Every structure is written in C-alpha cells, then in structure tokens.
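In this note's numbering, the protein residues as written are 49 to 674.
Note that beta-carbon positions come from the ideal geometry of N, C-alpha and C, so glycine has one too.
All of these numbers come straight from a predicted model, not from anything done at the bench.
Since the structure comes first, as structure tokens, the remarks are kept for the end.
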Ligand code: PLP
C-alpha cells in the first residue's frame, strides 16, 4: 500500500495547498501517508537556477531540462533508501496528455505501490531522456492540455490517497461510481421532503433487501442514461457471468480479437481483392497472408487452400466436385456410419444419382471398423470420407490407418475428412494423416460464422462449385469475404499454436463433469470414452429425455445440447449412437457437453452441479409418477 507520495514540481506551494485541508490533511497528520512537494529548481547546477531551455527541434516554447529532474529524482530516491522506510524503488509517474488514461482501476493499481513520485511537466514538457531513464508510467487525466502537470498530479494523488486503508471511513470507497461497472445510485439526506420534493419511499421503509435492489436498479438506470459506454460493458459482463456455455461444438463465441480484426478490415481495408488499384492490392495482400497462415496450420501450401462459406459447403463440394470432375474414378463412395449430415446427406444425394454408397460400421467406442474398410475398398472406390473427430462423442478416427489401408488396396482412391471438430483443437497435419482433402469451419474455434476452407491436395481435379469472376483459382467464384477470412486466419493461427495448452485446460474441465456426474448419478452412462477428444463429452441418463434435461438446466444459465446441435432440429435418433450399439432408452437421454479453453473451472463446477441437481429432480419425478 502507498505510504509515501512525492510530487516533483516547479510550483510546490500551489500543489501543497491542495492537501492542507480536509481528508488528505487528516490522513497525513494521522501518519497514514507521507505527502511532500519538492521544488525541482532547487536541484539545478547553473547559477541562474534555470530549469528549461529551447527545443532542439525548433518551434515555440521551452522544454524542462534533464539535469535538475534527474538530480531531484536521484536525491529523493537515495534519501528514501537511506531512511530505510521503503523497500521498493519509487514508482515514477509523469503527468502527460500522452499518457494512459487515469481511472479508478489505475488508482487501485497505483495504491499498491509503496512509494510514488509524480513528476509535473511544464511549458512544452520534459526532455525525452527523462522519460527513458526514470519514468515508469505516463498518466493522463484526459484528452486535453493544461498549462502544467500540477493540477492533474493533485487529482491523481488525491484519488490514490483516499484508497489507503484508514483514510476514508470503512466501506465508503466500496460502493461508489467507477469501483464497479455502474455509476453510483442517487443519494439523499434529511429532510425527507423539501419544497414538495420527496425522497423515494423505499428509502424510508427500513427493508434492507428492498433498498439494495433499489440501489442496483437506479444505478443501472442512471448508468444507461449518463454513460451508455459503461452500461454496455456492464451488460456484457453480466451476461458472461450468468452464462455457463457448454455447447461449443455447436458454435463458439467469436473471440474479441477476431471482432477487432474484422472491424478494422471493414472500416479500412474494404477494397475488393480483385481490383487493380492500391486498395484492391492491399486487400489482396491481406487475403494472401490469411491463406498462407491457414496453410501453415495444416502443413499445406497456400495454393491448396480454398475458402468457402462453411464446412457444409466444403463437405458438399469435396464429394460432389471430385466425382463430377473425375467420372472415371469409380462409382463407389465409402463413408463412416457416424458422419455429420453434411457428408451423410451428400452421399445419399449421390446415391440417388447412381453412385454406390457404403456406410462403414463402428465399434462401441464409435471407431470405424478397419476390417470392414478393408473388405469394402475395391478398384471402383472413388472416394473415402471419414470425419476426424466425431461431433457427438469426440471419438477420434484413425485417419492415418484408414488412408493407408485405402491406398494399399486402391492407390487411386481419394481420402477426404471432415475436420470441423478437430481443426484448432488437436493436431491436423495433412501429410501425417495421409488425407487428400479436408473441410473445416471457423465458427467452431471462436472464429466468425460464414467462413471455412477446403484443403485440396495439389494435382487433384475438382469441378468448380460456383462459376463467375474466377476467384479461388476459378473454382469458387464470388468476391472473397475478407473480414471473415482474416478473422479465421487470426484465430486459427492462435488455436493451432496453443493446441497442447488448450487441450490440457479442456481435459481438466471435461474431467470435472465426468467425475461429478459419475459420482452423483449412479445411472449415468458415459458414452465418450477417456481417449476421445476432450472437447466433447457425451453422457446419457437412461429413462430421461435429453430435451427435458437441456431445458431444465437452461433455466439456471447452463447451455448444453441434445446430440449434435447441427442436426438437432431433426427428430430422428442420433445415427452415431445407434451405430455404436446403444439402445433407445440411452440415446433418448444422451446430452452433449462441449468445451472451449475459454470456459473456466468455476463454470464447469457450477454447470456440473446444476446438471446433477436437475437430473436428480427429473429422476425423482419419474419415480413419483409411477
Ligand atoms: N461437420 C461437423 C463434424 C460438424 O460438427 C458441423 C457443425 O456442427 C459441420 C460439419 C457443419 O459446419 P458448418 O456449420 O460450418 O456448416
């Protein structure tokens, strides 16, 4: 806690006067704070007592010189350490319109420093070398200019001093404007009525709970009216703190860094990448940079990345586009029986147009039966499509083995993988996995909606998805969605860089749910085995209906999903859980909890408890109704 403030100024009497009365003067006399003002001029070495000189860069005004300030700071620091009253080096602040804006949060940080020196500039400011050598932080009162740093220094010293314990009456600094996100509620004093104006009745009721509610409601109202900027932050924080979002396989909250990047592009880089003028070239440069970044995340080249609007589009295009461009590649398509509908339905569509589709069985952990794959591959198999991580259970398919087996039997086969639930979460390196095409989507990894990519290994022919202006090498025409593409590249790079760290965080959250649910609900069936991707946890409560569980936990702010959110509007039972051999009693009670590294341990503990409590209630009701 601050116990000493030194103010370094050319006008010590002016500054000192501010602290000779009232609260700060009492704090000084009680010994809670030592506050001194020091005349910088006293430290000059020239006979005239000159503290300033003309700026080298020319122009009007004078600049405070290095020497007297340096000597003043050094002398005061030496004095403090000789007295032994401060173990820390003094923290030097320079009051300047170029500094970081001062606010209550900054005051709360600064009061933690034992000894603060506030340097007041005057005239045109101080020699830059003073800032480089001595100043820890430049602080500004706002975007305006005063004649010197004295008035801001008084404000800063006052604001810090009143936060020192004992300076104000206990609790006074807790519920005021800018300590939280709301402005303070209105204050009234006696009499209760004056000139016909009454105070709000509730304040005379003596009902403390009601009065507290009134305080919050009025604080919210006046913040909304007077400071809509603060109110917006308050609302965002309120929503965040009351929302326990565990449906991250359905979609994720767009990261703020992505939003900022996108806003910058929308505002400043709005040229069309196909335009030949400077703005077009700048946009094209950004597009190329994004494509390179994305390519690096999977070990591909930028020429192999094709931006699309989503993974559904990528999956459709991969299968239909390849078969259309390669009519002699074969008539057989192999997919797993647990594919996302964007692959499953595309295969069904192709089946209707004459292709033969075989759906490979999976074992009870959801892993593709490799013997069945061996038996199914023939010389007529054109394409094998198996998702990397299952969106409902987190099961990780052995893609490397799948592509090796497929190629050993038919070297011409193309292996495609829907990597929506693995990309940015576990390593996806195309060469190691042995895949020819992969699909991804940005919104599953805190990126924007409306953008994904299809990786197509160079040399593979594919029919254009959209004809037109020739974008995406003539295969997917249409002006590129640059803000979304750049946002995707930014978050993909971050996610792929932090894979291991994020996975550890998520595994811990996953374990909290596993353990709590297993310990508290005897009937629960953990469908996702421990070696699945930790971003997804599928748990069933046999005999209950997943939709009912979902709606009851939602009342407490906990968001989870029933099966796969992408297809939950369909009433059919999950084909994935059916293929894994679960009976309807289990499937109907299966919920999916899905994670992000942005979830916290506290959120997981709270949400796991809520699910347990609601599930117990629902089981209790079932018993009662029998
Ligand atoms: N593939 C998988 C495995 C998914 O989980 C999803 C969406 O949940 C999709 C594809 C579709 O992704 P998009 O919403 O980008 O079309």
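Note that the C-beta distance between residue 165 and residue 53 is below 9 Å. Sorting 586, 533 and 492 by C-alpha distance to the C-alpha of residue 622 places 586 at the top. For a cut-off of 8 Å, the C-beta gap from residue 437 to residue 581 is around 5 Å, short enough to register as a contact. Between the alpha carbons of residue 461 and residue 372 lies a distance of about 15 Å. In the three-state reduction of the DSSP assignment, residue 388 falls in the coil class. According to DSSP, residue 587 shares a beta bridge with 574 and 639.
At a cut-off of 8 Å, the beta-carbon of residue 485 does not count as near the ligand PLP: no heavy atom of the ligand is closer than that. Residue environment analysis places residue 364 among the buried positions, since at least 16 neighbouring C-beta atoms fall within 10 angstroms of its C-beta. Within the same chain, Cβ atoms closer than 7 Å to the Cβ of residue 496 are found at 302, 306, 310, 490, 532, 535 and 536, the five residues on either side in sequence being excluded.
The straight-line gap separating the alpha-carbon atoms of residue 414 and residue 626 is approximately 10 Å. Setting aside the 5 residues that flank it on each side, residue 200 is surrounded in the same chain by 143 and 189, each with a C-beta closer than 6 Å to its C-beta; the list follows chain order.
The segment 78 to 86 and the segment 54 to 66 touch, with no fewer than 3 CB-CB distances between them shorter than 8 Å. DSSP places residue 200 in no beta strand (DSSP E) but in the uninterrupted alpha helix (DSSP H) bounded by 198 to 209. Restricting attention to 473, 179, 592 and 56, the CA atom closest to the CA of residue 345 is found in 473.
Remark: C-beta atoms of residue 202 and residue 66 approach each other more closely than 9 Å. Taking the Cα positions, residue 432 is about 8 Å away from residue 465.
The Cβ neighbour count for residue 128, taken over all protein chains shown within 10 Å, is at least 16; the residue is labelled buried. Under the three-state reduction of DSSP output, residue 91 falls in the helix class. Per DSSP, residue 331 is one residue of the alpha helix (DSSP H) stretching across 326 to 346.
By the neighbour-count definition (other C-beta atoms within 10 Å, threshold 16), residue 670 is an exposed residue. With respect to the 9 Å criterion, residue 644 and residue 300 are classified as neighbours on the basis of their beta carbons. If you draw a straight line from the Cα of residue 324 to the Cα of residue 494, it comes to about 33 Å. In summary, residue 401 is exposed, with fewer than 16 beta-carbon neighbours lying within 10 Å of its beta-carbon over all protein chains present. The continuous alpha helix (DSSP H) containing residue 60 extends over residues 60 to 65. The C-beta distance from residue 342 to residue 501 rounds to 6 Å, short enough to meet the 8 Å contact threshold.
Taking a C-beta distance under 9 Å as the contact criterion, residue 504 and residue 434 do not qualify as a contact pair.
The Cβ neighbour count for residue 197, taken over all protein chains shown within 10 Å, is at least 16; the residue is labelled buried. Within the same chain, Cβ atoms closer than 8 Å to the Cβ of residue 214 are found at 75, 78 and 80, the five residues on either side in sequence being excluded.
For residue 462, the enclosing beta strand (DSSP E) begins and ends at 462 to 466. When DSSP states are grouped into helix, strand and coil, residue 476 belongs to the coil group.
In this structure, the straight-line span from the alpha carbon of residue 406 to that of residue 426 is close to 11 Å. Between residue 624 and residue 386, the C-beta spacing is below 9 Å. When the alpha-carbon of residue 69 is set against those of 50, 206 and 634, the nearest one is in 206.
By the criterion of at least three beta-carbon pairs nearer than 8 Å, the segment 141 to 160 is in contact with the segment 169 to 188. The continuous stretches of beta strand (DSSP E) do not include residue 256, which lies in the alpha helix (DSSP H) extending over residues 256 to 274. In this structure, residue 482 has its beta carbon at no less than 8 Å from each heavy atom of the ligand PLP.
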